[in-house]
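Protein chains: 2
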Amino acid sequence: MDIYIPELLRELLPKELLKQCHAHHFEKGTYLFHQGKKPEYMFFIVSGESVLTRISNHGEPTTLQRCKGGFLSEASLLSEKYHCDAYATQTGMAITIPTQALREALMNSDFAIKWVQLLSREIMRLRTQSERLSLKDIKSKLLHLIETEGTKGTLKLQADFKSLASEIGVTHEALYRTISTLEKDGTLIKTSNSLQLTRKKIYLAT
Amino acid sequence: MDIYIPELLRELLPKELLKQCHAHHFEKGTYLFHQGKKPEYMFFIVSGESVLTRISNHGEPTTLQRCKGGFLSEASLLSEKYHCDAYATQTGMAITIPTQALREALMNSDFAIKWVQLLSREIMRLRTQSERLSLKDIKSKLLHLIETEGTKGTLKLQADFKSLASEIGVTHEALYRTISTLEKDGTLIKTSNSLQLTRKKIYLAT
DNA sequence: CGTACTTTTGAATCGCATCAAATCTGGTGG
DNA sequence: CCACCAGATTTGATGCGATTCAAAAGTACG
Numbered sequence: 016m017d018i019y020i021p022e023l024l025r026e027l028l029p030k031e032l033l034k035q036c037h038a039h040h041f042e043k044g045t046y047l048f049h050q051g052k053k054p055e056y057m058f059f060i061v062s063g064e065s066v067l068t069r070i071s072n073h074g075e076p077t078t079l080q081r082c083k084g085g086f087l088s089e090a091s092l093l094s095e096k097y098h099c100d101a102y103a104t105q106t107g108m109a110i111t112i113p114t115q116a117l118r119e120a121l122m123n124s125d126f127a128i129k130w131v132q133l134l135s136r137e138i139m140r141l142r143t144q145s146e147r148l149s150l151k152d153i154k155s156k157l158l159h160l161i162e163t164e165g166t167k168g169t170l171k172l173q174a175d176f177k178s179l180a181s182e183i184g185v186t187h188e189a190l191y192r193t194i195s196t197l198e199k200d201g202t203l204i205k206t207s208n209s210l211q212l213t214r215k216k217i218y219l220a221t
Numbered sequence: 016m017d018i019y020i021p022e023l024l025r026e027l028l029p030k031e032l033l034k035q036c037h038a039h040h041f042e043k044g045t046y047l048f049h050q051g052k053k054p055e056y057m058f059f060i061v062s063g064e065s066v067l068t069r070i071s072n073h074g075e076p077t078t079l080q081r082c083k084g085g086f087l088s089e090a091s092l093l094s095e096k097y098h099c100d101a102y103a104t105q106t107g108m109a110i111t112i113p114t115q116a117l118r119e120a121l122m123n124s125d126f127a128i129k130w131v132q133l134l135s136r137e138i139m140r141l142r143t144q145s146e147r148l149s150l151k152d153i154k155s156k157l158l159h160l161i162e163t164e165g166t167k168g169t170l171k172l173q174a175d176f177k178s179l180a181s182e183i184g185v186t187h188e189a190l191y192r193t194i195s196t197l198e199k200d201g202t203l204i205k206t207s208n209s210l211q212l213t214r215k216k217i218y219l220a221t
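Protein chains in written order, with the numbering used here: chain Y, 16 to 221; chain V, 16 to 221.
#1: Give me the Cα-Cα distance between Phe48 of chain Y and Gly85 of chain Y, rounded to the nearest whole angstrom.
#2: For the beta strand (DSSP E) that Leu47 of chain V lies in, which residues bound it at each end?
#3: Assess, as a yes-or-no matter, whether the segment 126-135 of chain Y is touched by the segment 122-132 of chain V under the definition of 3 or more beta carbon pairs within less than 8 Å.
#4: Grab me the residues of Glu89 of chain V's own chain with a C-beta within less than 7 Å of its C-beta, minus the 5 sequence neighbours each way, in chain order.
#5: Going along chain V, which residues have a C-beta under 9 Å from Ile138 of chain Y?
#6: Since His49 of chain Y meets chain V, which of its residues come closer than 7 Å, beta carbon to beta carbon?
#7: According to DSSP, which residues form a beta bridge with Gln211 of chain V?
#8: Applying a beta-carbon distance threshold of less than 9 Å, which residues of chain V neighbour His39 of chain Y?
#9: Measuring only from the beta carbon, is Leu179 of chain V closer than 6 Å to any heavy atom that is part of the ligand GDP?
#10: Kindly indicate the opening and closing residues of the beta strand (DSSP E) around Leu67 of chain V.
#11: Give me the Cα-Cα distance between Thr196 of chain V and Leu210 of chain V, rounded to the nearest whole angstrom.
#12: Flag Ser124 of chain Y as yes if its beta-carbon sits less than 7 Å from any beta-carbon of chain V, otherwise no.
#13: List the residues of chain V that Glu146 of chain Y touches, going by C-beta distances under 8 Å, in chain order.
#14: For His98 of chain V, return the contacting residues in chain Y, with the cut-off set at a CB-CB distance below 8 Å.
#15: Any contact between the segment 101-117 of chain V and the segment 31-42 of chain V? By contact I mean 3 or more CB pairs, one from each, below 8 Å.
#16: Strictly by DSSP, which residues pair up with Gln105 of chain V?
#17: Less than 7 Å between CB atoms is the rule here; does Leu117 of chain V satisfy it with respect to chain Y?
#18: May I ask which residues mark the beginning and end of the alpha helix (DSSP H) holding Gln132 of chain V?
#19: Could you give the DSSP three-state label for Thr114 of chain Y: helix, strand or coil?
#20: Find the residues of chain Y that neighbour Ser149 of chain V, judging by a C-beta separation of less than 7 Å, and give them in chain order.
#21: Between which two residues does the alpha helix (DSSP H) carrying Leu190 of chain V extend?
#22: In chain V, which residues lie with their C-beta within 9 Å of the C-beta of Ile128 of chain Y?
#23: Could you give the distance in angstroms between the alpha-carbon of Glu146 of chain V and the alpha-carbon of Lys52 of chain V?
#24: What are the boundary residues of the alpha helix (DSSP H) that Pro159 of chain Y is part of?
#25: Run the CB neighbour count on Tyr102 of chain V, radius 10 Å, all protein chains shown included, and call it buried at 16 or more, exposed below.
#26: Return the bridge partner residues of Cys82 of chain Y from the DSSP annotation.
Below is the structure:
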């Protein structure tokens, strides 16, 4: 099995598990898995994009998570069934790992610790995300995002600004306008795929 | 050591760990731990309330999580340092477990699986919370909360409505008004410590 | 009883969603 | 190579809903 496996996975997974990994190509518009189904495989997104969605009681689907790299459903490892759908929004590639084998690997305490670390990081990330979504105005959300997800004041976009808008829970029109305002008053610089804070202005909360 | 330990903990923790648990009384206004400090103990809140807060780059503290029962910092088990403060908003009691012992217990694969389950559940809960915070209007947020956190259409309040407001990321005035409206049009019934959906009206998304 | 806090109501304001439409863009096929 | 299309980006106008500030009424507790 000489498929390409990201370094991250190579370090994380025990040898026996790596052998059982497969490459899985997925087309935009298809599903990686469905709500209610038994998790047979764990998906690690290498390229493309998939979103976790769920149908609410009222019928509308809502997005739980957008994933452009990394595990898609790490929380479902021990679940009996998926609690959401995984819909591919961009054609790409994933590594599949048999869930059963992954569960058994948890017996290996070295791997168990790594998995716990993975989950812990995701929890911290999600808490930060919730914190961000609780902010009232777009300016605050955007700056919070750049500070928490960016590197040295620069946020590299994984996709387009429209996706960014939904990530912080606002309409794309409003986001574009906010960015434009912040650019004019000199707090940040926008490129086609990044946002960079300048040091000229320091954002002061009231 | 014959302190009271909740059933949940008794089932989760191995015997050796249970022996090392201690009761920890905390006063409103004090801190259970501080950002940057090394995690010596894991806290399991039995009564009272604590919030996880973090000081942003701009100086204002923001709430990451409100906890009225259960583990407070499960994600920090393997961390070198806490990434937030734990501030007590209500006097109460916690069970403390030495972090080092807890880490060692992860070697026990039976416990490791339970811990992974604990983290997985928290991830799912947080994803649902993010989903809720992304909703645009208060009515949607409130109904979403009742449906996801409530039991059979009834949400029991863990605290007061003011806390509920911050939980869904809105001002308390706005929440009170929304509840009042929903009560008048017959979609729910409010008591001093619960919200119950009626079946008369079915909420239809546009 | 007094204090602190929650609950409630009121009024003014503003930011964002919404709807509409124009421009720009990259990618596709003829 | 160009026409074309789907999608992203941008700008505009409008209205609603939530915030904000203020203040009153209710409630728990020492």
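Note that the Cβ used here is the ideal one computed from N, Cα and C, for glycine as well.
Reading it off the structure:
#1: Position 33 of the first sequence holds residue 48 of chain Y. Position 70 of the first sequence holds residue 85 of chain Y. Approximately 16 Å, taken between the alpha carbons.
#2: Working through the second sequence from its first residue, we reach residue 47 of chain V at position 32. Segment Tyr46 to Phe48, the beta strand (DSSP E) holding Leu47 of chain V.
#3: yes
#4: Walking along the second sequence from the start, residue 89 of chain V turns up at place 74. For Glu89 of chain V, where only same-chain residues beyond five positions count, the Cβ hits under 7 Å are Leu133, Leu134 and Glu137.
#5: Taking the first residue of the first sequence as 1, we reach residue 138 of chain Y at position 123. Within chain V, the residues near Ile138 of chain Y are Glu89, Ala90, Leu134, Glu137, Ile138 and Leu141.
#6: Counting from 1 along the first sequence, the entry for residue 49 of chain Y is found at position 34. Within chain V, no residue comes near His49 of chain Y; the closest Cβ sits about 17 Å away, beyond 7 Å.
#7: Translated into the one-based positions of the second sequence, residue 211 of chain V becomes position 196. In DSSP, Gln211 of chain V forms a bridge with V:Thr169 and V:Ile204.
#8: Along the first sequence, read from residue 1 onward, the residue named residue 39 of chain Y stands at position 24. Neighbours of His39 of chain Y on chain V: none; closest Cβ ~22 Å, over 9 Å.
#9: No copy of the ligand GDP occurs in the structure displayed, which carries no ligand at all.
#10: Here residue 67 of chain V corresponds to residue number 52 of the second sequence, with the count starting at 1. Taken as a continuous stretch (DSSP letters only), the beta strand (DSSP E) holding Leu67 of chain V covers Tyr56 to Ile70.
#11: For the purposes of this step, residue 196 of chain V is taken as residue 181 along the second sequence, with counting starting at 1. For the purposes of this step, residue 210 of chain V is taken as residue 195 along the second sequence, with counting starting at 1. Their backbone Cα atoms lie some 13 Å apart in a straight line.
#12: Residue 124 of chain Y sits at position 109 when you count from the first residue of the first sequence. Cβ-Cβ to chain V under 7 Å: yes for Ser124 of chain Y.
#13: Walking along the first sequence from the start, residue 146 of chain Y turns up at place 131. Within 8 Å Cβ-Cβ: Arg69, Thr77, Thr78 and Leu79.
#14: Stepping through the second sequence from its first residue, residue 98 of chain V is reached at position 83. Ordered by position in chain Y, the residues that pass the 8 Å Cβ test against His98 of chain V are Met139.
#15: yes
#16: Numbered from 1 along the second sequence, position 90 holds the residue referred to as residue 105 of chain V. Bridge partners of Gln105 of chain V: V:Glu64.
#17: Position 102 of the second sequence, counting from 1, holds the residue named residue 117 of chain V. Not closer than 7 Å to any Cβ of chain Y, the Cβ of Leu117 of chain V fails to qualify, so no.
#18: Residue mapping note: residue 132 of chain V aligns to position 117 of the second sequence, counting from 1. It spans Ser124 to Ser149 - the alpha helix (DSSP H) in which Gln132 of chain V sits, taken as one unbroken run.
#19: Position 99 of the first sequence, counted from the start, is the residue given in the question as residue 114 of chain Y. Correct three-state label for Thr114 of chain Y: helix.
#20: Taking the first residue of the second sequence as position 1, residue 149 of chain V is located at position 134. In chain order: Leu148 and Gly184.
#21: As a position in the second sequence, residue 190 of chain V is number 175, starting the count at 1. Where Leu190 of chain V is concerned, the enclosing alpha helix (DSSP H) stretches over His187 to Lys199.
#22: For the purposes of this step, residue 128 of chain Y is taken as residue 113 along the first sequence, with counting starting at 1. Per Cβ cutoff of 9 Å: Leu93, Arg118, Leu121, Met122 and Ala127.
#23: Residue mapping note: residue 146 of chain V aligns to position 131 of the second sequence, counting from 1. Residue mapping note: residue 52 of chain V aligns to position 37 of the second sequence, counting from 1. Using only the alpha carbons, I get a separation of about 31 Å.
#24: On the first sequence, position 144 is the one that residue 159 of chain Y refers to. It is worth fixing the name first, because residue 159 of chain Y is His in this sequence and not Pro. Run containing His159 of chain Y: Ile153 to Glu164, per the alpha helix (DSSP H) assignment.
#25: By 1-based counting over the second sequence, the position of residue 102 of chain V is 87. Looking at its Cβ environment, which holds 16 or more other Cβ atoms inside 10 Å, Tyr102 of chain V is buried.
#26: Translated into positions along the first sequence, residue 82 of chain Y becomes position 67. DSSP output for Cys82 of chain Y lists Y:Ser65 as bridge partner(s).
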